[in-house]
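Chemist: The structure that follows is given in the form of structure tokens.
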Amino acid sequence: MTNKKFLDFSQKISYVAGEIQKESYGKTGLRIEHKGRTDIVTEVDIKCEKAIIDSIVSEYPNHGILAEEGGGKKSDGEYLWIIDPLDGTTNYAHGFPIFCVSVALACNGQVIAGSVYDPLRDEMFSAALGEGATLNGNPIKVTVAAKMEEALIATGFPYDVKTNPKNNIDNFKRVVMECQAVRRPGSAAIDLVYVACGRVDAFWEQRLKPWDMAAGQLIVSEAGGTVTDMKGEQLDLYGETICVANATLHPQLLALLED
Ligand code: IPD
Ligand code: CA
Ligand code: CA
């Protein structure tokens, strides 16, 4: 019941940020700053993060917050909100319609509630620990695809792809030769929830941050998926790699991946 209460709140603040994203989507003259050579942040990322944080602080003043754009706050308490105010910023800045808000709540290190909201499609993916995963309130499940050759698989490439030799290109080559097709949608949280609802069969990526994975991994797990890091070990939100699929496909994908 408590998890449900937190989940309702998580959805509420995700809807607010989603509205902010929709308002400015496709408009010209968006203020953009560079965090790295290809890693950008827009004024919308910042505005969404502020709206989310203000709501959490007024509702749960003792909770900690970890947010991508640095607006979070430390707390000694058991609860930590993990926020990606706009996942898919590069897509957003180009007008490519795949991006979302990702909000998760962890209690003593375990994620207990999470929501991923796609405002353009008005799709709210969510899960509370032990209570299943839903899309707009309807239960969702991972696929039953059993062979790589029938699997549609998503992945992504890190921002330092051009300079770091561990850039996922070799993994991509191996997987694309074995599965039906690979997609690179550009939002890790969307990739995860698309596994959860069966739009893709699996997803892997390296050099992700906790806010990219926190909500989506719970939603996959509650949708019946297997969630590990790229070594096949228990997911560590701070460990930067993830591999998710149904239980039959998961070991087949893992066998092709090098961390
Ligand atoms: C990025 C997206 C992308 C992934 C990157 C992430 P951002 O998040 O999730 O799909 O490949 O590694 O950093 O910067 O758009 O929030
Ligand atoms: Ca992100
Ligand atoms: Ca982001």
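First residue of the sequence shown? That's 143 in my numbering, and the numbers climb one at a time after it. Cβ atoms here follow ideal geometry from the backbone N, Cα and C, with glycine treated the same way.
Between A159 and S244, is the Cβ-Cβ spacing less than 7 Å?
Modeler: On the sequence shown, residue 159 is found 17 positions in, with the first residue counted as 1. On the sequence shown, residue 244 is found 102 positions in, with the first residue counted as 1. The answer is no: Cβ separation not under 7 Å.
Chemist: Report whether the distance from the Cβ of S329 to the nearest heavy atom of ligand 1 is below 6 Å.
Modeler: As a working mapping, residue 329 is identified with position 187 in the sequence shown. The answer is yes for S329.
Chemist: Look at the alpha carbon of L403 and the alpha carbon of E210, and state the distance between them as a whole number of angstroms.
Modeler: With the chain running from 143 to 401 in the structure shown, residue 403 is simply not present.
Chemist: So V258 packs on A331, CB below 8 Å; how close in whole Å?
Modeler: Indexing the sequence shown from 1 puts residue 258 at position 116. Indexing the sequence shown from 1 puts residue 331 at position 189. Sure, about 5 Å apart at Cβ, within 8 Å.
Chemist: Is D226 near ligand 2, going by C-beta to nearest heavy atom under 6 Å?
Modeler: For the purposes of this step, residue 226 is taken as the residue at position 84 of the sequence shown. Correct: D226 has its Cβ closer than 6 Å to ligand 2.
Chemist: Run the CB neighbour count on N310, radius 10 Å, all protein chains shown included, and call it buried at 16 or more, exposed below.
Modeler: Locating residue 310 in the sequence shown gives position 168, where the first residue counts as 1. Looking at its Cβ environment, which holds 16 or more other Cβ atoms inside 10 Å, N310 is buried.
Chemist: When DSSP labels each residue in this structure, what does E265 get in the three-state scheme?
Modeler: Position 123 of the sequence shown, counting from 1, holds the residue named residue 265. Strand.
Chemist: For L208, does the three-state DSSP call read helix, strand or coil?
Modeler: The residue given as residue 208 occupies position 66 in the sequence shown. Residue state, collapsed to three classes: strand.
Chemist: Using DSSP bridges, identify the partner residues of L405.
Modeler: This structure cannot speak to residue 405, because the chain is shown only from 143 to 401.
Chemist: If you compare alpha carbons, which of H236, A275, N250 and A246 is closest to S217?
Modeler: Stepping through the sequence shown from its first residue, residue 217 is reached at position 75. Nearest C-alpha to S217: N250.
Chemist: If you drop the 5 nearest sequence neighbours on each side, which residues of the same chain put their C-beta closer than 7 Å to that of L377?
Modeler: Within the sequence shown, numbered from 1, the residue matching residue 377 stands at position 235. The answer, listed in chain order, is Q359, V369, T370, D371 and I384.
Chemist: So, with DSSP's three-state summary, where would you put C321?
Modeler: The residue given as residue 321 occupies position 179 in the sequence shown. Of the three classes helix, strand and coil, the one that applies to C321 here is coil, per DSSP.
Chemist: Using a threshold of 6 Å, is the CB atom of E210 nearer than that to any non-hydrogen atom of ligand 3?
Modeler: For the purposes of this step, residue 210 is taken as the residue at position 68 of the sequence shown. Result yes, Cβ under 6 Å from ligand 3.
Chemist: Taking only heavy atoms of ligand 3 into account, decide whether any of them is closer than 6 Å to the Cβ of T184.
Modeler: In the sequence shown, the residue the question calls residue 184 occupies position 42. Not so, every heavy atom of ligand 3 lies at least 6 Å from the Cβ.
Chemist: Check for me: the alpha helix (DSSP H) holding Y157 runs from which residue to which?
Modeler: Within the sequence shown, numbered from 1, the residue matching residue 157 stands at position 15. Counting along the chain, Y157 sits inside the alpha helix (DSSP H) bounded by residues T144 to S166.
Chemist: What residues match up with S257 in a beta bridge as DSSP calls it?
Modeler: As a working mapping, residue 257 is identified with position 115 in the sequence shown. DSSP, once it has assigned bridges, lists V245 and S268 as partnering S257.
Chemist: Given a threshold of 16 other Cβ atoms within 10 Å of its Cβ, counted over all protein chains shown, does H392 qualify as buried or as exposed?
Modeler: The residue you call residue 392 lines up with position 250 of the sequence shown. Answer is buried; the Cβ neighbour count reaches 16.
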